[in-house]
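Q:
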Amino acid sequence: MTATPAVRVPAGAPASASAPVVLVASDLDRTLIYSTGALQLTVPDAEAPRLLCVEVYDHKPLSYLTETAAALLDELARTTVLVPTTTRTREQYGRVHLPGPAPRFAICANGGHLLVDGESDPDWQRRVTRGLADECAPLAEVRAHLLAAADPAWLLKERVAEDLFAYLVVERALLPGGWVEELGEWARTRGWTVSLQGRKIYAVPGPLTKSAAMDEVARRTGAALTLAAGDSLLDADLLLAADRAWRPAHGELADTGWSAPHVEVTDERGVAAGEEILRRFLRTAKEFRTSGGARVPEEFQEPEALRGQAARRV
């Protein structure tokens, strides 16, 4: 039997600590918080859970979690380094008001911005800018191709996020078969990736990853264990980089059958899956702290064969 390796200690971690630091990096939309259309409430109406609205947009409620999930999230924010990790822009993230103390760190724009106490970290911004300039075709070139290749019959909107990446909002039912795959092949030769999520087609620079930003927060906090969750292909690198991770039984990763040995799938779907993920985060963090963090259980380890599969780091 192979001996379990000692817990990794990131550079800059304190030589000794009263308790090992657990970092939790979680996607938001359709992982922790849910729009009305994504709730997937299957129980009779009289048995439906009470919901807490955590986002308002255009004067209307937009995103929810269950009240039970809200209590779990509050506890998680007080006992771990909780890092909301999202493809949302900073403005879009600012609309979300999660229960519990405000997280010190947050990752926005798919890793393009690392927020520290609500402000974008300038050192991280410079690092991202250098990485994209060295490895990717310019945003203007990719955006021009997106607009030229899209058909007005199914294109609803075109947007640029934080001057970092672009996305289209489409009428998915009218989207031609194979169009996204063809776009992905074109983008790949220019250092970009393409992802279809709901009605949105994202074109994102390959080095722009959530995992790179999570690793930076782990380094700064001296995290001994990293936990993660997400539902989309843009979360895959985050899940692969974490010591242990979860994905909902719904979403883009579920639809494509994506899996990894150290990534578990929830039993629940919809908003109930968000609650389940929070329970698993809390249980795992408590078990790790109780053990003193002396060793990482084997099931927490990223298998050697998977290392290097995550998207390139900024």
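Numbering (our numbering), first residue to last: 121 to 434. C-beta atoms are modelled at their ideal positions from N, C-alpha and C, and glycine is treated no differently. Predicted model, so just to flag it, every value in this text is computed and none were measured.
1. By a C-beta neighbour count over all protein chains shown, 10 Å radius and 16 as the cutoff for buried, is Thr-156 buried or exposed?
2. Give the C-beta separation of Leu-252 and Arg-208 to the nearest angstrom, bearing in mind that I take them to be a contact with Cβ-Cβ under 8 Å.
3. So is Lys-180 buried or exposed if we call it buried at 16+ other beta carbons inside 10 Å?
4. Can you tell me which of the three DSSP states His-92 falls into?
5. Assign Ser-331 to one of three DSSP states: helix, strand, or coil.
6. Would you mind reading off the limits of the beta strand (DSSP E) that contains Ile-321?
7. Between Asp-375 and Thr-329, what straight-line distance do the alpha-carbon atoms span, to the nearest angstrom?
8. Based on Cα-Cα distance, which residue from Glu-278, Arg-389, Val-203 and Gln-245 lies nearest to Val-262?
9. Is Thr-386 helix, strand or coil when you go by DSSP?
10. How about the segment 228-239 and the segment 300-312: do they share at least three Cβ pairs that are nearer than 8 Å?
11. Under 8 Å by Cβ, that's how I've got Ala-365 and Leu-347 pegged, so tell me the actual separation to the nearest angstrom.
12. Among Ser-411, Thr-410 and Leu-402, whose alpha-carbon lies nearest the alpha-carbon of Thr-106?
13. Might you give, ordered along the chain, the residues of its own chain that have their beta carbon closer than 8 Å to the beta carbon of Ala-431, omitting 5 neighbours on each side?
14. Could you tell me how far apart the beta carbons of Arg-319 and Val-289 are, in whole angstroms, since I believe they sit closer than 8 Å?
15. Could you have a look at Val-236 and say whether DSSP puts it in helix, strand or coil?
16. When you compare only the Cα positions, how much space is there between Arg-215 and Cys-173?
17. Sorted by chain position, which residues of the same chain lie with C-beta nearer than 6 Å to Glu-395's C-beta, five sequence neighbours on each side aside?
18. Helix, strand or coil for Ala-222, going by three-state DSSP, please let me know.
19. Quick one: Cα of Glu-372 to Cα of Glu-211, how far?
20. Quick check: what's the CA-CA separation for Glu-167 versus Tyr-154?
21. Pull up the CB-CB distance for Glu-405 and Val-203, whole angstroms please, since I reckon it's below 8 Å.
A: Quick look at the numbers:
1. As a first step, residue 156 is located in the sequence shown; it is residue number 36 there, counting from the start. When all chains shown are included, Thr-156 counts as exposed.
2. Position 132 of the sequence shown, counted from the first residue, corresponds to residue 252. Position 88 of the sequence shown, counted from the first residue, corresponds to residue 208. So it is not a contact: roughly 19 Å between Cβ atoms.
3. In the sequence shown, counting from the first residue as 1, residue 180 sits at position 60. Exposed, since its Cβ has fewer than 16 Cβ neighbours within 10 Å.
4. No answer is possible for residue 92: the residues shown for the chain start at 121 and end at 434.
5. Translated into positions along the sequence shown, residue 331 becomes position 211. Residue state, collapsed to three classes: helix.
6. Translated into positions along the sequence shown, residue 321 becomes position 201. That run of the beta strand (DSSP E) goes 320-325.
7. Against the sequence shown, residue 375 aligns to sequence position 255. Against the sequence shown, residue 329 aligns to sequence position 209. Between Asp-375 and Thr-329, the C-alpha separation is close to 21 Å.
8. Numbered from 1 along the sequence shown, position 142 holds the residue referred to as residue 262. Nearest C-alpha to Val-262: Glu-278.
9. Counting from one through the sequence shown, the residue named residue 386 turns up at place 266. The answer is coil: DSSP assigns Thr-386 none of H, G, I, E or B.
10. no
11. The sequence position of residue 365 within the sequence shown is 245, counting from 1. The sequence position of residue 347 within the sequence shown is 227, counting from 1. Going by Cβ atoms, the distance from Ala-365 to Leu-347 rounds to 7 Å, so yes, they are a contact pair.
12. Outside the shown range of the chain (121 to 434) lies residue 106, about which nothing can therefore be said.
13. For the purposes of this step, residue 431 is taken as the residue at position 311 of the sequence shown. Below a pLDDT of 50, predicted positions are generally treated as unreliable, and Ala-431, at 35, falls in that range; no measurement from the model is reported.
14. Walking along the sequence shown from the start, residue 319 turns up at place 199. Walking along the sequence shown from the start, residue 289 turns up at place 169. Correct: roughly 5 Å between the Cβ atoms.
15. Taking the sequence shown and counting its residues from 1, the one referred to as residue 236 is at position 116. Note: Val-236 maps to strand in three-state DSSP.
16. For the purposes of this step, residue 215 is taken as the residue at position 95 of the sequence shown. For the purposes of this step, residue 173 is taken as the residue at position 53 of the sequence shown. One C-alpha to the other measures close to 11 Å.
17. By one-based count along the sequence shown, residue 395 stands at place 275. Taken in chain order, the residues that qualify are Thr-186, Thr-188 and Ala-189.
18. By 1-based counting over the sequence shown, the position of residue 222 is 102. Three-state DSSP puts Ala-222 in coil, outside helix and strand.
19. The residue labelled residue 372 in the question sits at position 252 within the sequence shown. The residue labelled residue 211 in the question sits at position 91 within the sequence shown. When rounded, the distance between both Cα atoms is 24 Å.
20. The residue labelled residue 167 in the question sits at position 47 within the sequence shown. The residue labelled residue 154 in the question sits at position 34 within the sequence shown. Going from the Cα of Glu-167 to the Cα of Tyr-154 covers about 18 Å.
21. Your numbering for residue 405 matches position 285 in the sequence shown. Your numbering for residue 203 matches position 83 in the sequence shown. It should be pointed out that residue 405 corresponds to Ala in this sequence rather than to Glu. Incorrect: roughly 13 Å between the Cβ atoms, too far for contact.
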